[in-house]
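K.L.:
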Amino acid sequence: MRPTEVGTPYLHRTLLAHELQALPEGVRLSEGQDVERQLERCRAERPDLVVCGLGLANPLEAEGFTTKWSIELVFSPIQGYEQAGDLAELFARPFVRRERISALISEAHR
Amino acid sequence: MKLALWTYEGPPHVGAMRVATAMRDVHYVLHAPQGDTYADLLFTMIERRNRRPPVTYTTFQARDLGGDTAELFKRAAHEAFERFQPRAMMVGASCTAELIQDDPGGLAQTLGLPIPVVPLELPSYQRKENWGAAETLLQMVRALARPPGNAEPAPGARLRCNILGPTALGFRHRDDLIEIKKLLEAIGIDVNAIAPWQASPADLARLPEAGFNVVLYPETAGLAAGWLRRQFKQPHTHTVPIGVQATEAFIREVCTFAGLEPEAAIARCRRACPGHSAWYSASVDATYLTGKRVFVFGDATHALAAAHYAATELGFNVVGLGTYSREFAREVREAAAGYGVEPLITDDYLEVERAVAALQPDLVLGTQMERHIAKRLGLPCAVISAPVHVQDFPARHSPQMGYEGANVLFDTWVHPLMMGLEEHLLGMFRDDFEFHEGAAPSHLGRSGHGRAAAGDTLSDASQGGAPQTAEASTAAPAASGARVPATASWQATSDTSIPGESQAIVVGSAPQVAFEAREPDATPIALADTPPATATVRPAPGSPQWAPEAERELSKIPFFVRGKALRNTERFAAERGVALITRDTLYEAKSHYGR
Numbered sequence: 001m002r003p004t005e006v007g008t009p010y011l012h013r014t015l016l017a018h019e020l021q022a023l024p025e026g027v028r029l030s031e032g033q034d035v036e037r038q039l040e041r042c043r044a045e046r047p048d049l050v051v052c053g054l055g056l057a058n059p060l061e062a063e064g065f066t067t068k069w070s071i072e073l074v075f076s077p078i079q080g081y082e083q084a085g086d087l088a089e090l091f092a093r094p095f096v097r098r099e100r101i102s103a104l105i106s107e108a109h110r
Numbered sequence: 001m002k003l004a005l006w007t008y009e010g011p012p013h014v015g016a017m018r019v020a021t022a023m024r025d026v027h028y029v030l031h032a033p034q035g036d037t038y039a040d041l042l043f044t045m046i047e048r049r050n051r052r053p054p055v056t057y058t059t060f061q062a063r064d065l066g067g068d069t070a071e072l073f074k075r076a077a078h079e080a081f082e083r084f085q086p087r088a089m090m091v092g093a094s095c096t097a098e099l100i101q102d103d104p105g106g107l108a109q110t111l112g113l114p115i116p117v118v119p120l121e122l123p124s125y126q127r128k129e130n131w132g133a134a135e136t137l138l139q140m141v142r143a144l145a146r147p148p149g150n151a152e153p154a155p156g157a158r159l160r161c162n163i164l165g166p167t168a169l170g171f172r173h174r175d176d177l178i179e180i181k182k183l184l185e186a187i188g189i190d191v192n193a194i195a196p197w198q199a200s201p202a203d204l205a206r207l208p209e210a211g212f213n214v215v216l217y218p219e220t221a222g223l224a225a226g227w228l229r230r231q232f233k234q235p236h237t238h239t240v241p242i243g244v245q246a247t248e249a250f251i252r253e254v255c256t257f258a259g260l261e262p263e264a265a266i267a268r269c270r271r272a273c274p275g276h277s278a279w280y281s282a283s284v285d286a287t288y289l290t291g292k293r294v295f296v297f298g299d300a301t302h303a304l305a306a307a308h309y310a311a312t313e314l315g316f317n318v319v320g321l322g323t324y325s326r327e328f329a330r331e332v333r334e335a336a337a338g339y340g341v342e343p344l345i346t347d348d349y350l351e352v353e354r355a356v357a358a359l360q361p362d363l364v365l366g367t368q369m370e371r372h373i374a375k376r377l378g379l380p381c382a383v384i385s386a387p388v389h390v391q392d393f394p395a396r397h398s399p400q401m402g403y404e405g406a407n408v409l410f411d412t413w414v415h416p417l418m419m420g421l422e423e424h425l426l427g428m429f430r431d432d433f434e435f436h437e438g439a440a441p442s443h444l445g446r447s448g449h450g451r452a453a454a455g456d457t458l459s460d461a462s463q464g465g466a467p468q469t470a471e472a473s474t475a476a477p478a479a480s481g482a483r484v485p486a487t488a489s490w491q492a493t494s495d496t497s498i499p500g501e502s503q504a505i506v507v508g509s510a511p512q513v514a515f516e517a518r519e520p521d522a523t524p525i526a527l528a529d530t531p532p533a534t535a536t537v538r539p540a541p542g543s544p545q546w547a548p549e550a551e552r553e554l555s556k557i558p559f560f561v562r563g564k565a566l567r568n569t570e571r572f573a574a575e576r577g578v579a580l581i582t583r584d585t586l587y588e589a590k591s592h593y594g595r
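Those sequence lines, one after another, are chains V and Y. For the first sequence, position 30 (counting from the first letter as 1) is numbered 30 according to the numbering used here, and the numbering increases by one without interruption. For the second sequence, position 356 (counting from the first letter as 1) is numbered 356 according to the numbering used here, and the numbering increases by one without interruption.
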């Protein structure tokens, strides 16, 4: 996967120094929360997947985006090699679901 | 200050959001820190709304507090206007932002926006969500309602009404509105405007053109309706049409305002919206509902309506009535006095839990929190009121109001109770070789596994279809702990049908254990959280012991008199110094008390 933007309410650059280094070149970082501007960038970018909070998930799905709740990454054990498969599955699940109910999706968005 | 894990109502700015989100072409600029943006998901997740609420949060952070948060607010309001082009704007502060005293209302006036800007003063530390919604609707109506052109009401105004109250995140507001519109159409009344549900500022401007107001939810519409009555002499309805009788009282009230003949209007409404609940309740099948003890708690509107419907249309006994709506405490106190119960006015769910536990009702009607409480206590429950849960937005039409609403109430409240005949028959056939607690349901066929607790030996028995081997019947108690499995032999079944040892039961704990352990499994079609009817039977410590055959005989007595039979028999035995209750003691006691 290629991340396009990583946003967070508060970014502690010292604590997250290693993570920041691991991000590929050219990823946009956004701190704080101007949600409307963030949504504008998201609509312009049209990513294949949006990892977002519960408040935005349904509105984005209704606009045709595929979403993953960020809170699942907090609550699921995804650390270490053993959980790597589960972590990948978390990202795959919304695509699998979309495919399964694809016949309904155009109906739901009417 | 009181710390709580959970509350029935949010802060008042959530009430303002419920009004803003219900409306069209308005925007709410909320001075609030980042964390307060969680409120979005109440609407997009619980109600599954497909767009964000029309709310801009200023989302100030700790580091902004040293700077100019007032400037931040003005910039946010200006940008929100540019981006969303609303026809009216609401401005205010969340509970957290209230503390920095930036005066959003005053700041917004200085922006010189070309639309009405309505400042909301919502004291977060004294008031709560429903009041916040009511106050917001009132301020919006005050700011936007235009006096009608003529001093004289327009011709036909009497036959035109507004519907006030439905908001976003309301308990079945969407569906109630459909029913109310159907009723008004059948009566012959036009709807002038609905507020705040899908109302634009222009709709609020037209409110004074109606002859009267229909108030669906006093919690959210009461303040605005009172102001419209004083300002424009518009009367408003007081009856909340939940239940058949209240629906018809509502139709009469509307007809009085409109100058129509009520009985003909009721007949038209009954044709337009067929109701079954009145006949179902009158049918003999509903006899078992008589006197069921019901505990009611919710917002005042729904709690009062539920108590009335329960008492007068289902024949229940209201044994508890309460509300978290402090604004309507007086009405609830009066109603509670009418039912002869102590009113419970509280926003502390632990207090509610204590009341339910003490009363041990047959049915709990409450909010989602009472559903949890009832589940913990093993009591049947139906949800009647906000605070809403994702389950309170069913995909199907499920109103509370009007004739269809009464149908919904009947089904929703009666289904958690096990039907009288059903429970009686299940009890009677409990020890039958086909229907004992371990038998796999016949409709599951040979491969059917019984209930999980029954263990493997039982499904083996049902697969074999032959009498169970002695080995299985003796091995199983060890495998499944205290639960003694069934065997295909009638004799063996009846000898071991009581869990635990087949010795004389130690009265005081064992019969109770027996009932509690057995009954849920003996009723395969009951809901998982339906309690055994005899769970409340608690033989007093030190009372006589029951012989197994007497115990078995007792279990054949219909559940609704079993508790009484148990107490009478024990009293009879205790009075006569009988240490072991036999089958004969049971029948002697029966004839003694029957005299």
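We treat Cβ as the ideally placed atom computed from N, Cα and C, and that holds for glycine. Keep in mind that this is a model prediction, so the values were computed, not measured.
Determine, using beta carbons only, whether residue 21 (chain Y) comes closer than 8 Å to chain V.
P.N.:
No, because no Cβ of chain V sits closer than 8 Å to the Cβ of residue 21 (chain Y).
K.L.:
If we count Cβ pairs, one from each stretch, closer than 8 Å, do we get three or more for the region 375-387 of chain Y versus the region 249-258 of chain Y?
P.N.:
Judged by Cβ distances under 8 Å, the region 375-387 of chain Y makes no contact with the region 249-258 of chain Y, as fewer than three pairs qualify.
K.L.:
Which word fits residue 74 (chain Y), buried or exposed, when buried means at least 16 other C-beta atoms lie within 10 angstroms of its C-beta?
P.N.:
So residue 74 (chain Y) counts as buried.
K.L.:
Going by beta-carbon coordinates alone, are residue 296 (chain Y) and residue 314 (chain Y) separated by less than 8 Å?
P.N.:
Not a contact, by the Cβ cut-off of 8 Å.
K.L.:
Across which residues does DSSP place residue 273 (chain Y) in a beta bridge pair?
P.N.:
None, per the DSSP bridge assignment.
K.L.:
Does any residue of chain V have a CB that is nearer than 8 Å to the CB of residue 38 (chain Y)?
P.N.:
Judged by the 8 Å Cβ criterion, residue 38 (chain Y) is in contact with chain V.
K.L.:
Would you verify that the beta carbon of residue 44 (chain V) is, or is not, closer than 8 Å to some beta carbon of chain Y?
P.N.:
Closer than 8 Å: no.
K.L.:
Please check if any C-beta of chain V sits within less than 8 Å of the C-beta of residue 245 (chain Y).
P.N.:
No, its Cβ sits nowhere closer than 8 Å to a Cβ of chain V.
K.L.:
Can you confirm whether residue 174 (chain Y), when its beta carbon is compared against all beta carbons of chain V, has any partner nearer than 8 Å?
P.N.:
Output row for residue 174 (chain Y): interface = no.
K.L.:
Which residues in chain Y have a C-beta closer than 9 Å to the C-beta of residue 11 (chain V)? List them in chain order.
P.N.:
None at all; the shortest Cβ gap to chain Y is about 12 Å.
K.L.:
With 16 as the cutoff for other CB atoms within 10 Å, does residue 464 (chain Y) come out buried or exposed?
P.N.:
Reliability fails at residue 464 (chain Y), whose pLDDT of 38 lies under 50, so the model's placement of it is uncertain and the value that follows must be treated cautiously. Classification for residue 464 (chain Y): exposed.
K.L.:
Using a Cβ-Cβ cut-off of 8 Å, state whether residue 34 (chain Y) counts as contacting chain V.
P.N.:
Yes, residue 34 (chain Y) counts as interfacial toward chain V.
K.L.:
In whole angstroms, give me the CA-to-CA distance for residue 122 (chain Y) and residue 29 (chain Y).
P.N.:
Cα-Cα distance, rounded: 14 Å.
K.L.:
Which partner residues does residue 328 (chain Y) have in the DSSP bridge list?
P.N.:
DSSP lists no partner for residue 328 (chain Y).
K.L.:
Is the region 397-408 of chain Y touching the region 176-184 of chain Y, taking contact as three or more C-beta pairs under 8 Å?
P.N.:
The answer is yes - the region 176-184 of chain Y touches the region 397-408 of chain Y, with three or more Cβ pairs under 8 Å.
K.L.:
So which residues on chain V does residue 49 (chain Y) lean against when the C-beta distance must stay under 8 Å?
P.N.:
Under the 8 Å cutoff, chain V gives 58, 59.
K.L.:
When you compare only the Cα positions, how much space is there between residue 274 (chain Y) and residue 184 (chain Y)?
P.N.:
Cα-Cα distance, rounded: 15 Å.
K.L.:
Could you run through the region 58-85 of chain V and flag, in chain order, every residue whose CB is less than 7 Å away from some CB of chain Y?
P.N.:
Listed by position, the residues of the region 58-85 of chain V near chain Y (Cβ gap below 7 Å) are 58, 59, 62.
K.L.:
Please compile the residues from chain Y whose C-beta is within a distance smaller than 9 Å of the C-beta of residue 53 (chain V).
P.N.:
In chain order: 37, 38, 40, 41.
K.L.:
Report the rounded CA-to-CA distance for residue 120 (chain Y) versus residue 92 (chain V), giving the unit in angstroms.
P.N.:
Each residue's Cα considered, the two are about 45 Å apart.
K.L.:
Given that residue 33 (chain V) touches chain Y, what residues does it touch there, using C-beta distances under 7 Å?
P.N.:
What residue 33 (chain V) touches in chain Y: 34, 37, 59.
K.L.:
Any contact between the region 195-211 of chain Y and the region 408-417 of chain Y? By contact I mean 3 or more CB pairs, one from each, below 8 Å.
P.N.:
Taking 8 Å as the limit for Cβ pairs, the verdict is that the region 408-417 of chain Y does not touch the region 195-211 of chain Y.
K.L.:
Give me the DSSP bridge partner(s) of residue 303 (chain Y).
P.N.:
DSSP, once it has assigned bridges, lists no residue as partnering residue 303 (chain Y).
K.L.:
Which chain V residues are close to residue 44 (chain Y), counting only those with a beta carbon under 8 Å from its beta carbon?
P.N.:
Under the 8 Å cutoff, chain V gives 54, 55, 56, 57, 58, 59.
K.L.:
Could you work out which residues of chain V lie near residue 354 (chain Y), taking near to mean beta carbons separated by less than 8 Å?
P.N.:
Within 8 Å Cβ-Cβ: nothing; residue 354 (chain Y) doesn't reach chain V, min ~32 Å.
K.L.:
So is the beta-carbon of residue 285 (chain Y) under 7 Å away from any non-hydrogen atom of the ligand SAH?
P.N.:
As for the ligand SAH, it is missing from this structure, which has no ligand bound.
K.L.:
Hey, quick one: how far does the alpha helix (DSSP H) through residue 68 (chain V) stretch, first residue to last?
P.N.:
First-last for residue 68 (chain V): 67-69, but that is the beta strand (DSSP E), not the alpha helix (DSSP H).
K.L.:
Is the shortest distance between the beta-carbon of residue 5 (chain V) and the beta-carbons of chain Y less than 8 Å?
P.N.:
Not closer than 8 Å to any Cβ of chain Y, the Cβ of residue 5 (chain V) fails to qualify, so no.
K.L.:
Starting from residue 52 (chain Y), find everything on chain V with Cβ-Cβ shorter than 8 Å and list it in chain order.
P.N.:
By Cβ distance, chain V contributes 35, 55, 56, 59.
K.L.:
Work out the CA separation of residue 35 (chain Y) and residue 98 (chain Y) for me, nearest whole Å.
P.N.:
Distance between the alpha carbons of residue 98 (chain Y) and residue 35 (chain Y) is about 14 Å.
K.L.:
Could you tell me which chain V residues have their CB closer than 7 Å to the CB of residue 83 (chain Y), listed as they occur along the chain?
P.N.:
Within chain V, the residues near residue 83 (chain Y) are 36.
K.L.:
Could you tell me if residue 579 (chain Y) is buried or exposed, where buried requires 16 or more neighbouring beta carbons within 10 angstroms of its beta carbon?
P.N.:
Under this definition residue 579 (chain Y) is an exposed residue.
K.L.:
Hey, how far is the Cα of residue 16 (chain V) from the Cα of residue 22 (chain V)?
P.N.:
Cα to Cα, the separation comes out at about 10 Å.
K.L.:
With a CB to CB cut of under 6 Å and the five nearest residues on each side skipped, what residues in its chain are close to residue 385 (chain Y)?
P.N.:
The answer, listed in chain order, is 171, 298, 299, 302, 367.
K.L.:
Go through its chain and collect everything with a Cβ distance to residue 276 (chain Y)'s Cβ below 8 Å, but skip five positions before and after it.
P.N.:
Counting only Cβ-Cβ distances below 8 Å, and skipping sequence neighbours, we find 407, 410.
K.L.:
May I ask you to report which of helix, strand or coil DSSP gives residue 5 (chain V)?
P.N.:
DSSP places residue 5 (chain V) in strand when its eight states are reduced to three.
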